[in-house]
Each structure stands twice: as structure tokens, then as C-alpha cells.
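Heads up: the structure comes next, in C-alpha cells.
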Amino acid sequence: MSGTVVLVVLFAALMHASWNAVVKSEGDKFLNTVVVVTSAGIIAACCLPFLSPPARESWPFLAASGVAQVIYLTLVAAAYRSGDMSQAYPIMRGTAPLIVAIASGPLIGEVLSLQKWAGIALICGGVLALALESRRRATANRAATIFALINAVVIASYTLIDGIGVRQSGAPASYTMWVFVLNAVPLLLWTMVMRRGELWPHFVKRTRLATIGGVGTLGSYGLALWAMTMAPVAAVAALRETSILFAVAISALILNESVGMKRLVAVALIAAGAAVMRLA
1 MSGTVVLVVL
11 FAALMHASWN
21 AVVKSEGDKF
31 LNTVVVVTSA
41 GIIAACCLPF
51 LSPPARESWP
61 FLAASGVAQV
71 IYLTLVAAAY
81 RSGDMSQAYP
91 IMRGTAPLIV
101 AIASGPLIGE
111 VLSLQKWAGI
121 ALICGGVLAL
131 ALESRRRATA
141 NRAATIFALI
151 NAVVIASYTL
161 IDGIGVRQSG
171 APASYTMWVF
181 VLNAVPLLLW
191 TMVMRRGELW
201 PHFVKRTRLA
211 TIGGVGTLGS
221 YGLALWAMTM
231 APVAAVAALR
241 ETSILFAVAI
251 SALILNESVG
261 MKRLVAVALI
271 AAGAAVMRLA
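What the sequence shown shows, in the UniProt record's numbering, is residues 1 to 280, in sequence order.
What follows is the structure, given as C-alpha cells:
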């Protein structure tokens, strides 16, 4: 991968880790997520009039991506209700890039070099090592693990869908904006029904969260989609999971959470994988 693409994806990973840290640090995490996704959808809708529309060939992929995102959010909620977030999240994020790498060959004809496979394996190994370490500290729950593994398939699905769709679109920025508009609408409507009367007061109280989170998630995924037009989808998907490396750094340096030796080893694996991807 070129140095420019690697740097762009690493910056996207940093943005992803940053807005997630903001969501986790304040109040009701579900409503925080809704506020962030809604804010991103509003920003995206405001940008659309100034962008060329994506090609018609990409619209089926946008629709499929929207459905996959709704399933993803539903399964995230189920996994977090069943078990600890620190158990479910790394399993979801660490397994998905492996599925993308395995599926990208037969589905979109991308053949990965041995170096890229090595980089993907190191990154996913580091993420899954974090999952195992978290599993020892938290109360392990089989249901949470099952939901997380199913969601890994969903994450891999929308990654491949958007990877193909953004290439078909001829307009990566516009495609990204539509992704966020289509994601925000069903989540907003569902929240207005299930948590009636809670969303608007929460939105008003969390204006800073809405702004930072909305820009962060929009920028993070937009940069990743652009990178998928320049490099193999599987390589970008794996490199984006270095967000967990940044998340650990933010946890230690800003949130003052303890980071043990096992976590440092896992982080080292992720960093090594990123270095291998740069050289591949």
C-alpha cells in the first residue's frame, strides 16, 4: 500500500477511536450513539446539494448497506445487553477483517499478497488478543460471544458492500454522505418510538458530543471508503482496526485507565501489522 493511503487510513482510525472515546465517556451510551449518528446524517444531508450524485449503479449497494447497518446496530445492542462491551467489541472488530479478506477474493476478485495476509493476521491477532484478555477480566458470556461473531459477519458484509458501491459510484464523497443519511433515518425513527421524549433533551445537553462525534464518524468512514478506491478492501478494513491501538492509548493517556502487559503485547501486534501493511 502507498504511504499516502496508509496515513489516510491511520488518521481515519484515530478519528474513529476518538469519537468512540467521547461516546463512552459521557452518560447514556446508546443515546450518545444516536446523537452522533443523527448529527453525522444532518451534516451529510447539508453537504449533498453541493456534491455530484453517485452513479445509478451504486444505489443498490447503498440500499443494501443501509439494511446491513440497521442489523449491525440491532446486534450491537443485543451483544451489549448479553455481556460486557470489552468482551464483545474486540471480537466483532477483530474477526470482521479476516472474513473480508477471505471473501474478497471470490466475491470481488481481489488477490492479496503474502505480505498483506501477514499484516491482516497480525492486526486481527492483536485485536483478538485484546478480546481474550478482556474476557478473562470480565464475566464471559456465551450469548454475547455469539452475537459478536454474527455481527462480525454483518460488519464484513457492509464493508464489502460499501467497498464495491463506492467504486461503482464515481463519487466517493457523495456516496459517503448518502450512507450516513440512510443510516441516520431508521435509527432516529426507532429511537423516537422507543425512547420518546428522551432524545431531544439529550441532544441539547450533548451539543459538543454531537459536533465532535458527527464530524469524527463521518470523516473516519469517508476516508476509509476513499482508501478502498485506491487499495484492496481487505487491506483497508484490517488497517482501519488499528483504531483499537489508538483507543488503548486514549484510555491510558486521557481516561487514565490501566493498561497491563498483555494489552501492550496485543497493541504491539497491531502496530507490527500496520507496519507490514505499509511495506506490502
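The beta carbon of each residue, even a glycine, is placed where N, CA and C say it ideally should be.
Residue from the options with nearest C-alpha to residue i
{"i": "residue 33", "options": "73, 54 and 49", "result": "73"}
{"i": "residue 127", "options": "36, 182, 241 and 212", "result": "241"}
{"i": "residue 113", "options": "267, 270, 231 and 253", "result": "231"}
{"i": "residue 150", "options": "75, 100 and 36", "result": "75"}
{"i": "residue 21", "options": "229, 278, 216 and 239", "result": "216"}
{"i": "residue 70", "options": "37, 96 and 51", "result": "37"}
{"i": "residue 19", "options": "40, 7 and 61", "result": "40"}
{"i": "residue 274", "options": "261, 122 and 29", "result": "122"}
{"i": "residue 201", "options": "4, 103, 35 and 11", "result": "35"}
{"i": "residue 229", "options": "159, 266, 250 and 213", "result": "159"}
{"i": "residue 96", "options": "132, 130 and 148", "result": "148"}
{"i": "residue 119", "options": "236, 153, 8 and 247", "result": "236"}
{"i": "residue 249", "options": "203, 68 and 267", "result": "267"}
Under 9 Å between C-beta atoms of residue i and residue j
{"i": "residue 220", "j": "residue 16", "result": "yes"}
{"i": "residue 108", "j": "residue 164", "result": "yes"}
{"i": "residue 65", "j": "residue 179", "result": "yes"}
{"i": "residue 93", "j": "residue 2", "result": "no"}
{"i": "residue 175", "j": "residue 225", "result": "yes"}
{"i": "residue 55", "j": "residue 173", "result": "no"}
{"i": "residue 199", "j": "residue 48", "result": "no"}
{"i": "residue 124", "j": "residue 238", "result": "yes"}
{"i": "residue 213", "j": "residue 42", "result": "no"}
{"i": "residue 10", "j": "residue 129", "result": "no"}
{"i": "residue 291", "j": "residue 192", "result": "Absent from the model: residue 291. The displayed extent of the chain is 1 to 280, so no value can be given."}
Distance cut-off 8 Å: residue i Cβ against heavy atoms of the ligand SAM
{"i": "residue 245", "result": "For the ligand SAM, the structure offers nothing, since it holds no ligand at all."}
Enclosing alpha helix (DSSP H) for residue i [first to last residue]
{"i": "residue 186", "result": "172-194"}
{"i": "residue 240", "result": "233-240"}
{"i": "residue 260", "result": "Per DSSP, residue 260 belongs to no alpha helix (DSSP H) and is neither H nor E."}
{"i": "residue 167", "result": "142-169"}
{"i": "residue 208", "result": "207-228"}
Contiguous alpha helix (DSSP H) assignments of at least 4 residues, all confined to the UniProt domain "EamA" (6-130): 29-47, 59-82 and 85-108
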